[in-house]
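Heads up: the structure comes next, in C-alpha cells.
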Amino acid sequence: MMLYVIPFISAVIGYVTNYIAIKMLFYPRRPINLRLFTIQGIFPKRKTLLARRMAKLVAEELLSMDQLKDEIDRQATQGEIRDAIEDEVERYLKEKISSLNPIISTFINDNRMLQLRDKICREIESFIPKITRQFFNRLDTVNLENMVFEQVASFTSDKLENMMMSVIQDELKFIEWAGAFLGFTIGLIQVLLLLQWGY
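Sequence positions in the sequence shown follow my numbering and run 495 to 693.
See the structure below:
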C-alpha cells in the first residue's frame with residue numbers, strides 16, 4: 495500500500511524544491527557566511543550587475559537619446575506643442591480679461607481675444623526652434639545609462655523583489671507546480687517499474 499504514496503511524496507519534494515529555489519532568487523537578503531561557503535539571494539547579490547545591464551538595455555535599445563530627439567522633433571510632436579501653447583494662452587487671457595474692469599472687458603470680445611491669442615502664440619512659437627536646440631544640447635550632456643543605473647542600484651531588496659514579482663509572478667508559480675507535476679510523474683514511473691519488477 496505504501497508503494498502508491500511514492501508519487502505524492504515525489505510531488506511534494508518537487509514542489510518544495512522549486513519553491514525553495516525560487517525563494518533563493520531573493521533570499522537571504524544579506525550574505526550568510528557558513529564557513530565553507532557564503533549564501534545570498536541571486537538578485538540581492540547581483541543587484542549592481544542587474545542595474546548595469548538594465549541601464550545599458552534602456553539606453554541602447556529601448557530609449558536612446560537619438561530616438562528621444564527624433565520623437566520630440568517630429569512634426570506631430572511640434573503640432574502638439576503648438577496646440578498646448580494655444581490652449582494655455584487662451585486660458586490665461588480668459589482669466590485675465592474676466593478679472594478686468596467690466597467696462598474694459600466689454601470691448602474685448604471673443605474675436606479680439608482670439609486675435610490677441612494668435613499674436614502671442616506666433617511670438618512664442620518663433621522661439622521654439624531655439625528652445626528645442628538648447629534642449630537637445632542639454633540632452634547631449636545627460637548620461638541616460640548612468641541615470642537608470644543609479645536609480646535601479648538604489649532600489650531596496652524589497653522594492654527589487656516587488657518589481658520582479660509583478661512581472662514574473664505567474665511564471666514562477668508555474669515553475670513551482672511544474673516541479674510538483676514532474677515529481678509526481680517520476681514517482682509514478684518508479685512505482686510502475688517496481689511493480690514490473692515484482693516488488
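For every residue, glycine included, the Cβ atom is placed at its ideal position computed from N, Cα and C.
Item                                                                                                                                             : Value
Where does the unbroken alpha helix (DSSP H) through residue 691 begin, and where does it stop?                                                  : Taken as a continuous stretch (DSSP letters only), residue 691 belongs to no alpha helix (DSSP H), as it is neither H nor E.
Look at the alpha carbon of residue 679 and the alpha carbon of residue 521, and state the distance between them as a whole number of angstroms. : 29 Å
Are three or more beta carbon pairs between the stretch 648 to 655 and the stretch 529 to 546 nearer than 8 Å?                                   : yes
From residue 579 to residue 547, what does the alpha carbon distance come to, in whole angstroms?                                                : 39 Å
Could you check if residue 543 is buried or exposed, using at least 16 other CB atoms within 10 Å of its CB as the buried criterion?             : exposed
Where do the ends of the alpha helix (DSSP H) carrying residue 620 lie?                                                                          : No alpha helix (DSSP H) holds residue 620; DSSP gives it neither H nor E.
Could you check what DSSP says for residue 512 in three-state terms: helix, strand or coil?                                                      : helix
In the DSSP assignment, the alpha helix (DSSP H) including residue 534 goes from what residue to what residue?                                   : No alpha helix (DSSP H) holds residue 534; DSSP gives it neither H nor E.
Would you call residue 498 buried or exposed, if buried means 16 or more other Cβ atoms sit within 10 Å of its Cβ?                               : exposed
Between residue 677 and residue 500, is the Cβ-Cβ spacing less than 7 Å?                                                                         : no
Distance, Cα to Cα, residue 620 vs residue 576?                                                                                                  : 11 Å
Could you give the first and the last residue of the continuous alpha helix (DSSP H) run that contains residue 543?                              : 541 to 551
Does the beta-carbon distance from residue 674 to residue 509 come in below 7 Å?                                                                 : yes
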